[in-house]
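Listed in order, the protein sequences are those of chains G and A. Using the UniProt record's numbering, the final residue of the first sequence is 224, and nothing's skipped along the way. Using the UniProt record's numbering, the final residue of the second sequence is 168, and nothing's skipped along the way. Glycine is no exception: its CB is placed at the ideal position from the N, C-alpha and C atoms.
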Amino acid sequence: MLNKIYDWVDERLDITPLWRDIADHEVPEHVNPAHHFSAFVYCFGGLTFFVTVIQILSGMFLTMYYVPDIKNAWESIYYLQNEVAFGQIVRGMHHWGASLVIVMMFLHTLRVFFQGAYKKPRELNWIVGVLIFFVMLALGLTGYLLPWDMKALFATKVTITIIESVPFIGEYLKILIAGHSDIIGAQTITRFFAIHVFFLPAALFALMAAHFLMIRKQGISGPL
Amino acid sequence: MSKQRVTRRQFLNYTLTGVGGFMAAGMLMPMVRFAVDPVLKHNAAGDYVVTKQKIDEITNEPVRVDFSFEQKDAWYTSEVTNTAWVYKDENGEIVALSPVCKHLGCTVDWNTDATHPEHFFCPCHNGLYTKDGVNVPGTPPAAPLDVYPYKDVDGYLALGKAEPRKGA
């Protein structure tokens, strides 16, 4: 059945070369843990992507209940955690996954660094990777405020104070990010929410696309 | 054992698809159950709300009775006001009709359409109901107005959750 549908589409659109080009390529021996167990270090990039997919999915589902508002944010999370089936699991995935992304990304970075895989001709991919790292950190930061509990509030106060210490433009940066010159409140949480679910993911998708395109174009770096 | 040999490629395909499917299901099942939760939650039957309408003051003429109650909407609790059109029918039975039009949910009013006096009238699409709440054929509504179950609480009218009329 599925094969027939696939054949029907393929006959008209010739989609086989499309996915072959993306998915069908040989794993070099030095990257295959079946040949050299130490090659498991090559998994960290893929694991980062895998956890990122979980983050995107669980985040999409969480917004079905979450409200980015100072009165309702905490209440809505309390509700989804205690009244909605699997609420604890879905929020747990997003909560723990957030830390796991950072861990996996860090391990991936270490591998690339110590193997010297960032060297010519892959410098651009390293740069894009570092940008992804920053976007991920920003996602973690903006997401941290959203539960609107005491930890979230004071963590954000600290962040905003750090941003304020930037020379010359610190004050303006602070207002830009907090939405107000001295309140961390209604405007801050909506800003952080918009940045967390729209702006940063958009940047992340673009950067990841560039990251993966470059890998396909240049191939994995050779054995040590 | 069947005569058809499973090739190495087939075996790997099946096991990888199976394990992958299991992992994907483990990931997606909680999220899907989470998303469909409102569909599976059953609504508790509404409690009766006591109105300010004295039962012995109800006449044959429909009167508008507003009643407020605390509505719990997930994490948001608020005071909500509902309306009933209340009168006594020719047998002296109390009738409490929901004002929600059975066409598309607008609010009907009593005796407001000059060309059809003594009818419930919906301004959205000119739906009409007779005094007993039955929809007038040829107007948009396809069913009679819902009816509130009622109770007598110390001489005051108490209303439950409006229900569709059976067999009308």
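### Task
Taking phenylalanine 34 (chain A) as the query, report the chain G residues whose CB atoms sit under 7 Å from its CB, ordered along the chain.
For the purposes of this step, residue 34 (chain A) is identified with residue 34 of the second sequence, where counting begins at 1. By Cβ distance, chain G contributes Phe61, Val84, Ala85, Phe86, Gly87, Val90.
### Query
Using a C-beta cutoff of 8 Å, does tyrosine 66 (chain G) count as contacting chain A?
Working through the first sequence from its first residue, we reach residue 66 (chain G) at position 66. No, tyrosine 66 (chain G) lies away from the interface with chain A (no Cβ there is under 8 Å from its Cβ).
### Query
The beta strand (DSSP E) with glutamate 79 (chain A) in it runs from where to where?
Here residue 79 (chain A) is taken as the residue at index 79 of the second sequence, counted from 1. It spans 76-88 - the beta strand (DSSP E) in which glutamate 79 (chain A) sits, taken as one unbroken run.
### Query
Taking 8 Å as the CB-CB cut-off, is tyrosine 76 (chain A) touching chain G?
Counted from its first residue, the second sequence places residue 76 (chain A) at position 76. Flagged as an interface residue toward chain G: tyrosine 76 (chain A), by a C-beta distance shorter than 8 Å.
### Task
Could you tell me which of A:Asp113, A:Arg64, A:Ala25, A:Val49 sits nearest to alanine 158 (chain A), measuring between CA atoms?
Residue 158 (chain A) sits at position 158 when you count from the first residue of the second sequence. Of the candidates A:Asp113, A:Arg64, A:Ala25, A:Val49, the one whose C-alpha sits nearest the C-alpha of alanine 158 (chain A) is A:Val49.
### Local conformation of isoleucine 184 (chain G) per DSSP, three classes
Translated into the one-based positions of the first sequence, residue 184 (chain G) becomes position 184. The answer is coil: DSSP assigns isoleucine 184 (chain G) none of H, G, I, E or B.
### Task
For the region 33-67 of chain A, enumerate the residues whose C-beta is nearer than 8 Å to any C-beta of chain G, in chain order.
Against chain G - using a Cβ distance shorter than 8 Å - the residues of the region 33-67 of chain A are Arg33, Phe34, Ala35, Asp37, Leu40.
### Task
Report the neighbours of proline 30 (chain A) on chain G: residues whose CB is nearer than 8 Å to its CB, in chain order.
By 1-based counting over the second sequence, the position of residue 30 (chain A) is 30. What proline 30 (chain A) touches in chain G: Phe86, Ile89, Val90, Met93.
### Message
Counting only beta-carbon separations shorter than 8 Å, does tyrosine 6 (chain G) have a partner in chain A?
### Response
Along the first sequence, read from residue 1 onward, the residue named residue 6 (chain G) stands at position 6. No, tyrosine 6 (chain G) does not count as interfacial toward chain A.
### Closest by C-alpha distance to lysine 161 (chain A), when choosing among A:Thr17, A:Phe69, A:Val63
For the purposes of this step, residue 161 (chain A) is identified with residue 161 of the second sequence, where counting begins at 1. The shortest Cα separation from lysine 161 (chain A) among A:Thr17, A:Phe69, A:Val63 belongs to A:Phe69.
### Query
What are the residues of the region 6-37 of chain G that lie near chain A, defined by any Cβ-Cβ distance shorter than 8 Å?
none
### Query
Which whole-angstrom value is the C-beta distance of valine 101 (chain G) and methionine 136 (chain G), which I expect to be below 8 Å?
By 1-based counting over the first sequence, the position of residue 101 (chain G) is 101. By 1-based counting over the first sequence, the position of residue 136 (chain G) is 136. Right, the Cβ-Cβ distance comes to about 6 Å (below 8 Å), so this counts as a contact.
### Chain-ordered chain D contacts of serine 58 (chain G) [CB-CB under 7 Å]
Checking the listed chains, one finds no chain D in this structure; the protein chains it contains are G and A.
### Query
In terms of residue numbering, what span does the alpha helix (DSSP H) encompassing glutamine 81 (chain G) cover?
Here residue 81 (chain G) is taken as the residue at index 81 of the first sequence, counted from 1. Annotation: the continuous alpha helix (DSSP H) that includes glutamine 81 (chain G) extends over 73-82.
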